[in-house]
Amino acid sequence: MSEITLYGSPLSLYTGKARSYLIKSRLTYREVLPNSPHFEQTVLPKMGGRRSIPAIETATGEIIRDGGAIIDYYESLNGNLFSPGTAKQSIICKLFDVIGMEGLLRPAMHYRWNFDDFNRGFIQFHFETFAPSNLNKQEMASKRMNQMREAGRSFGAIPETFELVEKLYCDLLPKLNSHFAAHPYLLGNKPCIGDFGMIAPLYGHLGRDPKPLSLMQDRAICLFRWVERMNRAEADIGEFPDQRDSYLEEDKVPDTLVEILRHVAKDFVPETKAACRAINEWLQEQENLTPNTPAERGVGMCTFIVEGQSITALAQPYRFFLLKRVQDHYLALPSAEQAGVDGLLDACGMTEVMQLTLDREIGRLHNREVWL
Ligand SMILES: N[C@@H](CCC(=O)N[C@@H](CS)C(=O)NCC(=O)O)C(=O)O
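Shown next, in the form of structure tokens:
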């Protein structure tokens, strides 16, 4: 019998992160859709009132909801196997985790939901598989698909921004490709937490749905190879001369990553600033936000400018829950190491996000992110 049950779906963005981690850790698991009576009766009640995937059920029956929490759980058991220990690499690794989880939602949703001619049948098939056999699959799928289509709009992918979203993503592809032409993973020959964050948008949506998959295969072969590699237990680095299973030496962060981050910063930084402001304003208005109240996915909208274009998107507390981990890690570094990190973040155009904090902290309780 398998040790771990992963509740997820092949097309789910966040499941891709947890799955890849389980695969790379060589943990034995079986993946099932969250639609069984066992899921409804035993798993869901322990998910903190939020029906999201991924979630896992451990061999001892413990339920963990949230891709990041699943990885934290196994990283602490495995001696932080995929967390580099040096200053710059650990900061960059954690930053890529935030970007993967929160910073590429617009292209991920745009390339799924706004190319019906390419994607419709493929997406419909998967959404129908979520429906338990006693329910009307088509009806359930179309209701859920409409909700997700709307979620894409709430992340800022609307007709007015399509051109910009495509331009930013199409400019990102060759930068990612150049990196993965030189290195199998973000920080060398071994995946790190940042790779697991990035695989979330780059597998389930951008590396699997027909439209963006063809774009990736056409324009970014080495990026596509990384997507494959992230879903294989072995290192899968045959095309590289160096076969060692380790991070780059001497805390090296390749220039190709700096290039990627500089590009991502173009919308990640203004969006994070605007979301921070919006969430802090929202917090000020809350008179009765008692400790341990769940932090919902979005608390209102925020507007920001990217390359002269206005974008309005959901302000998501989860971004800051993850970002705080980068900030806390930085603050715990000796000052000499902080100075090195400062120079690197500056070169990446990411200095500002390190200073953006919410007025109230977020923690986790009973499988939910909560306001402390
Ligand atoms: N922070 C969560 C997000 C999970 C999430 O939003 N999953 C999507 C599918 S990819 C989902 O279940 N959405 C439904 C919902 O949130 O209600 C994680 O990292 O696991």
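As numbered in the numbering used here, residues 329 to 700 make up the sequence shown, in order. Backbone N, C-alpha and C fix where the C-beta goes; we use that ideal spot for every residue, glycine too.
{"Check": "Proximity test, residue 401 beta-carbon vs ligand 1 heavy atom, cut-off 7 Å", "Outcome": "no"}
{"Check": "Three or more C-beta pairs below 8 Å linking the stretch 641-658 and the stretch 425-434", "Outcome": "yes"}
{"Check": "Extent of the continuous alpha helix (DSSP H) to which residue 466 belongs", "Outcome": "465-482"}
{"Check": "Through-space distance from residue 644 to residue 615, alpha-carbon basis", "Outcome": "20 Å"}
{"Check": "Residue of 348, 339, 398 and 353 minimising C-alpha distance to residue 695", "Outcome": "398"}
{"Check": "Cut-off 7 Å between Cβ atoms - residues of its own chain near residue 669, not counting five sequence neighbours on either side", "Outcome": "415, 416, 419, 658 and 661"}
{"Check": "Cutoff 6 Å; reference residue 522; Cβ partners in own chain excluding five residues on either side", "Outcome": "421, 424, 425 and 514"}
{"Check": "Contact set for residue 538: own chain, Cβ-Cβ below 7 Å, skip 5 residues either direction", "Outcome": "446, 447 and 450"}
{"Check": "Beta-carbon proximity list for residue 541, same chain, < 7 Å, skipping 5 on both sides", "Outcome": "535"}
{"Check": "Residues proximal to ligand 1 by C-beta, any heavy atom closer than 5 Å", "Outcome": "340, 341, 342, 380, 381, 394 and 395"}
{"Check": "DSSP state of residue 623 mapped onto helix, strand, coil", "Outcome": "coil"}
{"Check": "Local conformation of residue 504 per DSSP, three classes", "Outcome": "helix"}
{"Check": "Whole-Å CB distance - residue 437 paired with residue 483, under 8 Å assumed", "Outcome": "5 Å"}
{"Check": "Three or more C-beta pairs below 8 Å linking the stretch 504-519 and the stretch 556-568", "Outcome": "yes"}
{"Check": "Helix, strand or coil at residue 434 [DSSP, three-state]", "Outcome": "helix"}
{"Check": "Whole-Å CB distance - residue 382 paired with residue 395, under 8 Å assumed", "Outcome": "5 Å"}
{"Check": "Three-state secondary structure assigned by DSSP to residue 385", "Outcome": "strand"}
{"Check": "Buried or exposed (CB count within 10 angstroms, at least 16 for buried), residue 676", "Outcome": "buried"}
{"Check": "Distance, residue 604 Cα to residue 329 Cα", "Outcome": "Confidence is the limiting factor: at residue 329 the pLDDT is only 47, short of 50, which leaves the residue's position unreliable, though a coordinate-based value still follows. If you take the alpha carbons of residue 329 and residue 604, they lie about 46 Å apart."}
{"Check": "Contacts around residue 504, its chain only, beta-carbon distance under 7 Å, and the 5 residues preceding and following it disregarded", "Outcome": "548, 551 and 588"}
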